[in-house]
Amino acid sequence: MALRPGLSSPTLTAQQAHAFQRLSGDRLILNVVVGGEDIEQRAYGDHSTKEERYAKAGEVLDFIDRIWSEGAVGEGGGHPIDYNGDYLDITGAHLTGPAQKRPPDFFGGSSAAGIATAAAHADTYLTWGEPVEQVGEKLAAVDDKARTLGRTVEHGVRLHVIARATEDEAWAEAQKLLDGIDPDAVRAVQDGLARSQFEGQRRMTELHGRGSNFTARADARTLEIAPNLRAGVGLVRGGAGTALVGSYDQVAERLAEYRAVGASHFILSGYPHLEETFHVGEGIVPALQRRGLSVANHPDPENADSEDGHFATPFADASAS
């Protein structure tokens, strides 16, 4: 569930999360949305700058850590807590009842402020699907900063996926999606994204040249910016704008490359959502397991080498979201 720091009471957020954990059996994960665009934040009545929002997010996440570890009043102790920062001024906050498992948070941000805040407070740093080398550099930057703070941070990658039994089938599906795109729609979307203040969005749109070379009935392969990595999704939507396109084995190999540079969580989606979920579960997951990569919620087959230390950290549930 999305957590927008500063747009609701941190105490209320913590109490709601506490109740959700109790009701769901500790299944909640928080997606921290700091807000990359001033104009979007103003629609919520927030007139802070991007830098202020990152600083406020850091205080909110710090407060949630403290109330979870100290402020659960019930069996086993706990006491109300105070928190005084540059943005938060809270007195006597507490959670009612025994502490549940604190929900882990996913945090994205490609700017210097985003990386610094993630290193200081995130459980999992999440990035969109840039080429493997660029992702590796970004994850290393987070790790370096986290290390100076005595912390470790897990990493995740957000990607679309078009996977089929053969490479030709996958690219044919990518072509079908591309053929349905109107160049006027591309121009309209890219004009809006060009005004974005979000560093991650800038990096996404640069992968396809802000759509400047797109023409009707273009070859889907012209948007392949790295092996099996296609930037076509970003022509008509903001946010995650790349897709892995290829056979099940090719997509699994590319995911293994992201794993090798530090990613252990993968949030995958596709169009249409349900159909691509089946392709992931029935095609990509077995291909990952054949490479010795464990996949959460999917038992390793008896003949898989699940003891390979290089892939000790399991994938997150690799289904379309």
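Just so it is clear: in the sequence shown, position 27 is 26 by numbering that gives the first Met the number 0, and no numbers are missing.
Positions of the beta carbon are idealized from the N, C-alpha and C atoms, including for glycine.
The structure displayed is predicted, hence computed values, not measured ones.
### Query
Which of the three DSSP states, helix, strand or coil, is assigned to Phe105?
strand
### Query
To the nearest angstrom, how far is it from the Cα of Pro4 to the Cα of Ala56?
5 Å
### Message
Can you list, in chain order, the residues of its chain with a C-beta nearer than 7 Å to that of Gly308? Leave out the 5 residues immediately preceding and following it.
### Response
Unreliable placement is indicated for Gly308, whose pLDDT of 31 sits below 50; the coordinate value is still reported in the next sentence. So the list is empty, once near-sequence residues are dropped.
### Task
Give every residue of the same chain whose Cβ lies closer than 7 Å to the Cβ of Arg290, excluding the five residues on either side of it in the sequence, and list them in chain order.
Ala251, Ala255
### Task
Express the C-alpha separation of Leu158 and Glu281 in angstroms, rounding to a whole number.
Going from the Cα of Glu281 to the Cα of Leu158 covers about 18 Å.
### Task
Just the C-alpha distance for His17 and Ile266, rounded to the nearest angstrom, thanks.
24 Å
### Cβ neighbours of Leu2 in the same chain (closer than 6 Å, five flanking residues each side left out)
Here Leu2 has Leu29, Val31 as same chain residues with Cβ atoms under 6 Å from its own Cβ, once five neighbours each way along the sequence are excluded.
### Task
Report all residues from its chain with a CB closer than 7 Å to the CB of Leu148; omit the five preceding and five following residues, and keep chain order.
Around Leu148: Ala118, Ala119.
### Query
CB Glu172 to CB Ile161, shorter than 7 Å?
Taking C-beta atoms as the reference points, Glu172 and Ile161 count as a pair closer than 7 Å.
### Message
To the nearest angstrom, how far is the alpha carbon of Arg52 from that of Thr90?
### Response
22 Å
### Three-state class that DSSP yields for His78 in the structure shown
Note: His78 maps to coil in three-state DSSP.
### Task
For the alpha helix (DSSP H) holding Val279, just list the boundary residues, first then last.
Counting along the chain, Val279 falls outside any alpha helix (DSSP H), and DSSP gives it neither H nor E.
### Task
Measure the alpha-carbon distance for Val232 versus Thr241 and round it to whole angstroms.
Their Cα atoms are separated by approximately 6 Å.
#### Entry: the stretch 198 to 208 in contact with the stretch 94 to 111 per 3-pair CB rule at 8 Å
yes
### Message
If you follow the alpha helix (DSSP H) that Asp88 is in, where does it begin and where does it stop?
### Response
Looking at the DSSP string, Asp88 is not in any alpha helix (DSSP H); the run it does join, the beta strand (DSSP E), is 88 to 92.
### Task
Answer yes or no: do Leu138 and Gly238 have a C-beta to C-beta separation smaller than 7 Å?
no
### Query
Between Gln133 and Ala225, what straight-line distance do the alpha-carbon atoms span, to the nearest angstrom?
When rounded, the separation of the alpha-carbon atoms in Gln133 and Ala225 is 11 Å.
### Query
Taking the beta strand (DSSP E) that Ala118 falls in, what are its first and last residues?
Premise fails: Ala118 lies in the alpha helix (DSSP H), 111 to 120, not in any beta strand (DSSP E).
### Query
Does the Cβ-Cβ distance between Trp170 and Ala219 come in under 7 Å?
A contact, by the Cβ cut-off of 7 Å.
### Query
Do you know whose CA, among Glu50, Pro300, Leu27, lies nearest Asp85's CA?
Glu50
### Query
If you run the structure through DSSP and keep just helix, strand and coil, what is Ser246?
If DSSP states are grouped into helix, strand and coil, Ser246 belongs with the strands.
#### Entry: Close-in-space but distant-in-sequence residues of the same chain around Gly77 (CB under 8 Å, 5 per side omitted)
Glu69, Gly70, Ala71, His93, Leu94, Ala98
### Message
Looking at Asn227: is its Cβ nearer than 7 Å to the Cβ of Leu206?
### Response
no
### Message
On a Cα-Cα basis, can you pick out the residue from Ile66, Val294, Tyr257 that is closest to Val131?
### Response
Tyr257
### Message
Going by C-alpha to C-alpha distance, which of Trp127, Leu60, Lys144, Pro298 sits closest to Pro103?
### Response
Leu60
#### Entry: Selection from Met0, Asp37, Gln14 that minimises the alpha carbon distance to Arg26
Met0
### Task
Starting from the C-beta of Phe310, find all residues in its chain whose C-beta is less than 6 Å away, skip the five residues before and the five after it, and write them out in chain order.
In this prediction, Phe310 has a pLDDT of 31, which is less than 50 and means its spatial position is unreliable; nothing more can be read from the coordinates.
### Where Ile66 falls: helix, strand or coil (DSSP)
helix
### Query
Roughly how many angstroms separate the alpha carbons of Leu87 and Ile180, rounded to a whole number?
46 Å
### Query
Exposed or buried, His272, counting other C-beta atoms within 10 Å across all chains shown (16 or more means buried)?
exposed
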